[in-house]
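Just below is one structure, and these are the notes that go with it.
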């Protein structure tokens, strides 16, 4: 049986189509069938107890209608005049490696979008390491999604467009941190602090409603949370398997 769509009131900027909610094991995607793309993701994490080996293979979601999905699972660089893009996960494999099913589902193309290799392995990757670090000390809520500009670059072999940037919010206890990271070669790990924003800014740009206390929505962190704390206090292999 194909997946049934549940329509939700969540319409990101520049996307006028109806958005549907896809429930996976351990994470949720809000999905625009017409764009063949997720427009938001969300999941929660506790202490890391998983270590399922990384699988470098990508799949279509067998429960989703084919016309809603990207045409190919192959590299985005097979498109004409396109190079230097990774198949970037919204929800990373390593955050779901407690479950064989959940980790496998992060390899569905519904969870994949084009990201420059510098951004995917740089600033975006560092937000994933920050998540991996602090999950061992308190429960986290992670949410985010892509942002498109008006003039998009369309990949005809995959039927999907390249996002201009990606946003992410991490909530822990009474703290919140947020970024808008450009999907560019400049988005390295060392630039992550340049992309710090408030939750309010994300709401204004994306039209997403983020449920946190109103006084925290306008707070912009002065710097990203320091994973050096985990290097000093966590088990040696706390970063897990981050091989590309």
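In the UniProt record's numbering, the protein residues as written are 1 to 244.
Glycine included, every Cβ here is placed at the ideal spot set by N, Cα and C.
- By the 16-neighbour rule on beta-carbons within 10 angstroms, residue 100 is exposed.
- Residue state for residue 199 is assigned as helix, using DSSP reduced to three classes.
- Secondary structure at residue 105: helix, using DSSP grouped into helix, strand and coil.
- When DSSP states are grouped into helix, strand and coil, residue 212 belongs to the coil group.
- Secondary structure note for residue 117: its alpha helix (DSSP H) is the uninterrupted segment 117 to 121.
- In the structure shown, the three-state DSSP call for residue 173 is coil.
- Contact between residue 38 and residue 29 is confirmed by a C-beta separation of about 4 Å, below the 8 Å threshold.
- Per DSSP, reduced to three states, the secondary structure at residue 87 is strand.
- For residue 138 and residue 221, the gap between their C-alpha atoms comes out near 18 Å.
- A Cβ-Cβ distance of about 7 Å is found for the pair residue 219 and residue 176, placing them in contact under the 8 Å criterion.
- Bounds of the beta strand (DSSP E) holding residue 145 are 140 to 147.
- Taking one beta carbon from each stretch, the segment 119 to 133 and the segment 53 to 72 have fewer than 3 pairs nearer than 8 Å; the two do not touch.
- Residue 229 carries a helical assignment under DSSP once its states are collapsed to helix, strand and coil.
- In terms of CA proximity to residue 201, 214 leads the group 41, 78, 173, 214.
- Residue 78 sits in a helix when the DSSP states are folded into three classes.
- Residues 108, 110 of the same chain have their beta carbon placed closer than 6 Å to that of residue 61, with the five preceding and five following residues left out of the count.
- With 16 or more neighbouring CB atoms inside 10 Å of its own CB, residue 93 falls in the buried class.
- Excluding residues up to 5 positions away in sequence, 14, 161, 163, 164 lie with their Cβ nearer than 7 Å to the Cβ of residue 148 in the same chain.
- Sorting 150, 141, 190, 102 by C-alpha distance to the C-alpha of residue 124 places 190 at the top.
- When the alpha-carbon of residue 113 is set against those of 212, 95, 182, 90, the nearest one is in 90.
- Of the candidates 102, 35, 95, 35 places its Cα closest to the Cα of residue 71.
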